[in-house]
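J.:
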Amino acid sequence: APSTYVNGGWVCAGKDFFIRDNNTKKTYSLIKANDIPICPKKYNFQYKGQVLEFNLVFKSIPSSTTNIDIIEDESSGGFNFYGVELESSNNYSSETKTLKSDGKFRKTDSPLSDVIKIIPAGTRVKIISLVGGYYKAEHGGQIGYLSELYFQSSGITSKPTTTKPYKPSNTKPTNCNEIKVISKSSKPSFSNMLAGVKYAVIINQPKINGHWNAFNALSSYLRGMDFTSVEYLNENYKQPSNLCEEVWVAIYFEYKVGVAFYNIRMEFTSPCTGYTWDFSTSKRANDGVYSDAKYQFGKALRDMYGYKKPSFNSYYTLKLPKKQTCWTENKIRQEFQKNGADKLEGIYENSSNTQAKYRVALKKIKDTYHLIYLTGANNHKNWSEGEIKATLVPTATSLFFNFMWVMANKSLNDDFYISFEQGIMNVIDSDKEKSMYIKMYPTSSDNISSASNSPSSGTGFAITSNGLIVTNNHVIDGAKTIKVRGVNGDFNRTYTAKLIITDKNNDLAIIKIDDYSFSSLGNVPYTIKTSSSGVGEDIFVLGYPLRASMGDEVKLTDGIISSKTGFQGDVTSYQISAPVQPGNSGGPLFNRKGQMIGIINAKHIGAENASYAVKSSYLTN
4 APSTYVNGGW VCAGKDFFIR DNNTKKTYSL IKANDIPICP KKYNFQYKGQ VLEFNLVFKS
64 IPSSTTNIDI IEDESSGGFN FYGVELESSN NYSSETKTLK SDGKFRKTDS PLSDVIKIIP
124 AGTRVKIISL VGGYYKAEHG GQIGYLSELY FQSSGITSKP TTTKPYKPSN TKPTNCNEIK
184 VISKSSKPSF SNMLAGVKYA VIINQPKING HWNAFNALSS YLRGMDFTSV EYLNENYKQP
244 SNLCEEVWVA IYFEYKVGVA FYNIRMEFTS PCTGYTWDFS TSKRANDGVY SDAKYQFGKA
304 LRDMYGYKKP SFNSYYTLKL PKKQTCWTEN KIRQEFQKNG ADKLEGIYEN SSNTQAKYRV
364 ALKKIKDTYH LIYLTGANNH KNWSEGEIKA TLVPTATSLF FNFMWVMANK SLNDDFYISF
424 EQGIMNVIDS DKEKSMYIKM YPTSSDNISS ASNSPSSGTG FAITSNGLIV TNNHVIDGAK
484 TIKVRGVNGD FNRTYTAKLI ITDKNNDLAI IKIDDYSFSS LGNVPYTIKT SSSGVGEDIF
544 VLGYPLRASM GDEVKLTDGI ISSKTGFQGD VTSYQISAPV QPGNSGGPLF NRKGQMIGII
604 NAKHIGAENA SYAVKSSYLT N
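The numbering of the sequence shown is our numbering, which starts it at 4 and goes up by one.
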C-alpha cells in the first residue's frame with residue numbers, strides 16, 4: 004500500500020474475473036477468492052507499506068494450455084495480465100530437502116504402499132507438498148512419497164538467501180487440515196541481526212583464573228553495545244519468551260600466563276536459527292604485571308567490532324520455521340462436537356510442575372495423528388496456536404507410537420515415543436524421561452460421539468465423462484464427505500464429490516465429482532445392458548477389495564451367473580460365482596461382451612462363491 008492509498012485506499016476482486024486461453028480463446032470464470040473480498044465489498048488499507056496476500060481460484064484449465072490472459076475488467080481497466088506463460092505441468096516446486104537416512108520412496112502416503120525405490124541418504128529431492136506425515140516429492144522424474152522421518156531438520160528453502168528482514172504475512176491456511184510449511188528467516192547482515200535482538204548470553208566459561216580478565220572484558224564490551232541484559236549460560240539462566248530476541252556470544256583465544264592473550268576470536272550465534280557471525284583479530288592483549296589485561300582484551304574486542312548495536316526493532320527479529328494449520332482450541336472442540344472424535348483424539352495438558360505447561364490437541368489429519376500446539380511453551384512468542392508440535396508414526400505395539408517432536412527452537416527430534424492409556428498420554432523423550440499429559444477434553448460428560456478410526460471405502464464406476472459415478476448407497480450412507488481416488492488411474496490425487504441421488508431400496512447411489520481441479524473422466528468405454536442375462540452366462544467383476552492389504556490396483560474376478568434372483572429370491576439381483584470382498588461394493592459386473600449388467604452389493608457369508616449384484620435395469624429405471 005503506497006502512502007496515497009492510506010486513509011481511503013482499498014482493494015477488492017472483481018466478480019467477473021476470468022482466465023482466457025490464448026490458443027482456444029475459451030474462458031474460465033472465477034470460482035472463489037481467498038483473503039480478498041469480492042467487489043463491491045472492500046478491504047481498506049491501514050498503513051503505508053501494508054501487504055495484502057490473496058489467491059484466486061478459477062475453473063480448471065486443460066493441462067495443454069500454455070499461454071493465458073488473466074482479466075478483471077477489459078472495458079474499464081483493472082488487474083489485467085496479458086500473455087502469461089504457463090510452466091509445463093512437469094515443473095514442480097523447486098523446494099528441496101536432504102535425506103538424513105536412506106528413504107523408502109513409496110507410491111502413496113501410506114506405510115503399506117509399494118516402494119518405488121530406495122533413495123540414499125544425503126540425496127536432495129524436490130518437495131511438492133506435505134500430506135499428513137509424508138512429503139509428496141519428485142526424484143529422477145518420478146513422483147512419490149517420503150516419510151518426514153527421513154529428512155534433516157532444516158526448513159524448506161524455496162528462495163535465495165537475502166539480507167532483507169522478514170515481513171509478516173497471513174500464513175495460516177484456510178483449510179484447517181492443510182499444513183503449510185513456512186521456512187525460517189534467511190541469514191541477515193550482522194547489523195540487522197543486532198537490531199532484532201535485546202539480550203546477550205555468554206555461553207562459555209573461564210577455565211582458569213587467568214581467563215577472567217577476558218570474560219570480564221567481554222561482559223563489559225557487550226553492555227557497552229547497549230544490550231538490554233548480559234548474562235552467562237548457567238544454572239541461573241532463564242529462557243526468554245522469544246528465543247529470537249537473544250544472541251549467544253562466545254570468545255576463543257590462546258593464553259600464556261602473565262604474558263598475553265592472542266589468536267582472539269569472537270563468535271555470535273542465534274539460538275533461534277543457528278546462524279553465526281565470526282570476528283577475529285591479530286592483535287594481542289597483554290597480561291603482564293604492568294598491563295591492564297581487561298582493558299587490553301576489551302580493546303581487542305572493539306578492534307573486531309567497534310559499534311553500538313542499533314535500537315531494537317522487531318521488524319528485524321528472526322523467525323523460526325513452522326508447520327502451521329488454522330486449528331484453534333475452539334475450532335477443534337467444534338469439530339469434535341460436530342463430527343465426533345476417536346478414542347485417542349482430544350485436548351491434553353502436561354501435568355508436570357517442572358516442565359513447560361504444554362496444552363496440545365491430538366488430531367487425525369489425513370489418516371495421520373498430529374499433536375497441535377495450543378498454549379504453554381516457555382518461549383510462547385515463537386509459537387502460534389495451530390502449529391504442528393509432533394507427528395505420530397504407528398509401531399507394531401497397539402497404542403504405542405514413535406513420533407517426530409518439534410523442540411522449543413523448532414529443531415526436530417525423532418527419538419520420542421508416546422503411549423496411551425485411559426485418559427493419559429505418556430511422552431517419553433530421548434533421555435527416557437516420561438511426561439504425563441492428562442486428557443482434558445472430551446470428558447465422558449461432553450457427549451462427544453465416537454468417530455470411525457478410518458474412512459470406509461468402496462468401488463464406483465463412471466457413467467458420464469463429466470464426473471457422474473455409480474456406487475452402492477451403503478458405501479456413502481452417513482458420509483459427511485465423499486472423496487474419489489483413482490481417476491484416470493491416478494491414486495495420488497483425491498477429488499471431492501457430492502451426492503446426486505440415492506435409491507435405498509435397491510442400494511444404489513449416484514455421486515458427482517465436484518472439485519475445481521477436475522476436468523474429465525474421459526470416454527466411458529462400455530455400455531449398460533438393461534435386458535436380463537441368463538443363468539450360466541460368463542461374467543467378470545472389477546473393484547478395489549481390501550485396499551489396506553491388497554493395494555490400490557484394480558482387481559478382477561470372474562465366474563458365471565448362478566441365478567437370476569438374489570438372496571432369498573430377490574428379483575432385483577443376480578447371484579454370481581465370482582468371489583467378492585469388502586471394498587468390491589459398488590463395482591461393476593460385466594458380461595463377456597464388456598457390457599455392464601449389474602452393480603456388486605453383497606456376498607453370502609454362509610456360502611462359498613455366492614455373491615450378489617443389483618441388475619443394471621434398476622439403475623436406468
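Beta carbons: idealized from backbone N, C-alpha and C, even for Gly.
Could you spell out the range, first to last residue, of the beta strand (DSSP E) harbouring H373?
T.: By one-based count along the sequence shown, residue 373 stands at place 370. 371-378 is the extent of the beta strand (DSSP E) around H373.
J.: On a CA-only basis, which of D541, F264, A16 is nearest L55? Give me that one, please.
T.: Mapped onto the sequence shown, residue 55 falls at position 52. Checked all of D541, F264, A16; the closest Cα to L55 is A16.
J.: In chain order, what residues of the same chain lie with their CB nearer than 7 Å to the CB of F423, ignoring the 5 residues before and after it?
T.: Your numbering for residue 423 matches position 420 in the sequence shown. Taken in chain order, the residues that qualify are L347, L402.
J.: Kindly indicate which three-state DSSP category D480 falls into: helix, strand or coil?
T.: Stepping through the sequence shown from its first residue, residue 480 is reached at position 477. In this structure, D480 counts as coil in the three-state DSSP scheme.
J.: In the stretch 509-546, which residue ranges form an unbroken beta strand (DSSP E) of at least 3 residues, counting only runs that do not cross its ends?
T.: Listed in chain order, the complete beta strand (DSSP E) runs (minimum 3 residues) inside the stretch 509-546 are 511-516, 541-546.
J.: What does the alpha-carbon distance come out to for the pair V204 and I427?
T.: Looking up residue 204 in the sequence shown gives position 201. Looking up residue 427 in the sequence shown gives position 424. Distance between the alpha carbons of V204 and I427: 38 Å.
J.: Tell whether a beta-carbon distance below 8 Å holds between N355 and S438.
T.: The residue given as residue 355 occupies position 352 in the sequence shown. The residue given as residue 438 occupies position 435 in the sequence shown. Strictly speaking, residue 355 in this sequence is Ser, with Asn absent from that position. Against a cut-off of 8 Å, the Cβ pair of S438 and S355 comes out as a contact.
J.: Is T560 helix, strand or coil by DSSP?
T.: In the sequence shown, counting from the first residue as 1, residue 560 sits at position 557. Looking at T560 - three-state DSSP - the assignment turns out to be strand.
J.: Taking its Cβ as the centre, do 16 or more other Cβ atoms sit within 10 Å of H373, making it buried, or is it exposed?
T.: The residue you call residue 373 lines up with position 370 of the sequence shown. Its Cβ being crowded by 16 or more others within 10 Å, H373 is buried.
J.: Just how far apart, CA to CA, sit L236 and S104?
T.: Within the sequence shown, numbered from 1, the residue matching residue 236 stands at position 233. Within the sequence shown, numbered from 1, the residue matching residue 104 stands at position 101. Distance between the alpha carbons of L236 and S104 is about 33 Å.
J.: Is DSSP giving Y169 helix, strand or coil here?
T.: Within the sequence shown, the letter at position 166 stands for residue 169. Confidence at Y169 is low in this model, with a pLDDT of 39, below 50, so the placement of that residue is unreliable and no value is reported for it.
J.: Do you know offhand how far N25's Cα is from N37's?
T.: Numbered from 1 along the sequence shown, position 22 holds the residue referred to as residue 25. Numbered from 1 along the sequence shown, position 34 holds the residue referred to as residue 37. Whole-angstrom Cα-Cα distance: 26 Å.
J.: Are the stretch 295-302 and the stretch 323-334 in contact at 8 Å, needing three or more beta carbon pairs?
T.: Cβ pair count under 8 Å is below three, so no.
J.: Which two residues bound the contiguous alpha helix (DSSP H) that contains S194?
T.: Residue 194 sits at position 191 when you count from the first residue of the sequence shown. Where S194 is concerned, the enclosing alpha helix (DSSP H) stretches over 193-198.
J.: Quick one: grab the DSSP three-state call for N385.
T.: The sequence position of residue 385 within the sequence shown is 382, counting from 1. Helix, per DSSP.
J.: If K62 sits next to I41, beta carbons under 8 Å apart, how far is it from one beta carbon to the other, in whole angstroms?
T.: Taking the first residue of the sequence shown as position 1, residue 62 is located at position 59. Taking the first residue of the sequence shown as position 1, residue 41 is located at position 38. Between I41 and K62 the Cβ distance is about 16 Å, and since that is not below 8 Å, they are no contact.
J.: Given a threshold of 16 other Cβ atoms within 10 Å of its Cβ, counted over all protein chains shown, does Q49 qualify as buried or as exposed?
T.: Taking the first residue of the sequence shown as 1, we reach residue 49 at position 46. Looking at its Cβ environment, which holds fewer than 16 other Cβ atoms inside 10 Å, Q49 is exposed.
J.: In this structure, does DSSP put Y361 in helix, strand or coil?
T.: Here residue 361 refers to the residue found at position 358 when the sequence shown is read from its first residue. If DSSP states are grouped into helix, strand and coil, Y361 belongs with coil.
J.: Helix, strand or coil for M599 per DSSP?
T.: Residue numbering aside, residue 599 sits at position 596 when the sequence shown is read from its first letter. M599 falls in the strand class under three-state DSSP.
J.: Can you tell me whether H607 is helix, strand or coil according to DSSP?
T.: Walking along the sequence shown from the start, residue 607 turns up at place 604. Reduced to three states, the DSSP call for H607 is coil.
J.: Return the chain-ordered list of same chain residues with a C-beta closer than 7 Å to the C-beta of S588, the five sequence neighbours on each side being excluded.
T.: Taking the sequence shown and counting its residues from 1, the one referred to as residue 588 is at position 585. Hits under 7 Å: G461, T462, N475, H477, V478, I603, N604.
J.: Could you give the DSSP three-state label for N216: helix, strand or coil?
T.: Translated into the one-based positions of the sequence shown, residue 216 becomes position 213. Helix.
J.: Who are the Cβ neighbours of S283 in its own chain at under 6 Å, not counting the five residues just before and after it?
T.: As a working note, residue 283 is residue 280 in the sequence shown. Taken in chain order, the residues that qualify are R268.
J.: Take D555 and list the residues in its own chain whose beta-carbon comes closer than 6 Å to its own, dropping the five residues that flank it on each side.
T.: In the sequence shown, the residue the question calls residue 555 occupies position 552. Only F494 meet the Cβ criterion.
J.: How is K297 classed by DSSP in three states: helix, strand or coil?
T.: Taking the first residue of the sequence shown as position 1, residue 297 is located at position 294. Of the three classes helix, strand and coil, the one that applies to K297 here is helix, per DSSP.
J.: Would you kindly work out how many angstroms separate the C-alpha atoms of P445 and S194, rounded to a whole number?
T.: For the purposes of this step, residue 445 is taken as the residue at position 442 of the sequence shown. For the purposes of this step, residue 194 is taken as the residue at position 191 of the sequence shown. For P445 and S194, the distance between alpha carbons rounds to 50 Å.
J.: Identify, in the order they occur along the chain, each residue of the same chain with its Cβ nearer than 8 Å to the Cβ of S91, setting aside the five sequence neighbours on each side.
T.: The residue given as residue 91 occupies position 88 in the sequence shown. Confidence at S91 is low in this model, with a pLDDT of 46, below 50, so the placement of that residue should be treated as unreliable; the coordinate-derived value is given next. Here the set comprises nothing.
J.: Note down the Cα distance separating W13 from L33, rounded to an integer number of angstroms.
T.: Within the sequence shown, numbered from 1, the residue matching residue 13 stands at position 10. Within the sequence shown, numbered from 1, the residue matching residue 33 stands at position 30. The alpha-carbon atoms of W13 and L33 are separated by roughly 21 Å.
J.: With three or more C-beta pairs closer than 8 Å as the rule, is the stretch 111-129 touching the stretch 207-222?
T.: Because the criterion of three Cβ pairs below 8 Å is not met, the stretch 207-222 and the stretch 111-129 do not touch.
J.: Once you ignore the five residues that flank W408 on each side, which residues in its own chain have a CB closer than 6 Å to its CB?
T.: Position 405 of the sequence shown, counting from 1, holds the residue named residue 408. Excluding sequence neighbours, W408 sits near A393, N416, F419.
J.: Compare the Cα-Cα distances from T467 to each of S523, R496, F84 and report the closest residue.
T.: Counting from one through the sequence shown, the residue named residue 467 turns up at place 464. Of the candidates S523, R496, F84, the one whose C-alpha sits nearest the C-alpha of T467 is S523.
J.: According to DSSP, is D306 part of a helix, a strand, or is it coil?
T.: Position 303 of the sequence shown, counted from the start, is the residue given in the question as residue 306. Residue state, collapsed to three classes: helix.
J.: Taking 7 Å as the cut-off, is the C-beta of V430 nearer than that to any heavy atom in the ligand GDP?
T.: Looking at this structure, you won't find the ligand GDP or any other ligand, since it has none at all.
J.: So what does DSSP say about K334, is it helix, strand or coil?
T.: Locating residue 334 in the sequence shown gives position 331, counting from the first residue. Three-state result, K334: helix.
J.: Y621 and N509 - do their beta-carbons sit closer together than 8 Å?
T.: Residue mapping note: residue 509 aligns to position 506 of the sequence shown, counting from 1. Residue mapping note: residue 621 aligns to position 618 of the sequence shown, counting from 1. In this structure, Y621 lies closer than 8 Å to N509 by Cβ.
J.: At which residue ranges does the stretch 115-156 contain complete beta strand (DSSP E) runs of 3 or more residues, listed in the order of the chain?
T.: Runs of the beta strand (DSSP E) inside the stretch 115-156: 118-122, 127-134, 137-142, 145-150.
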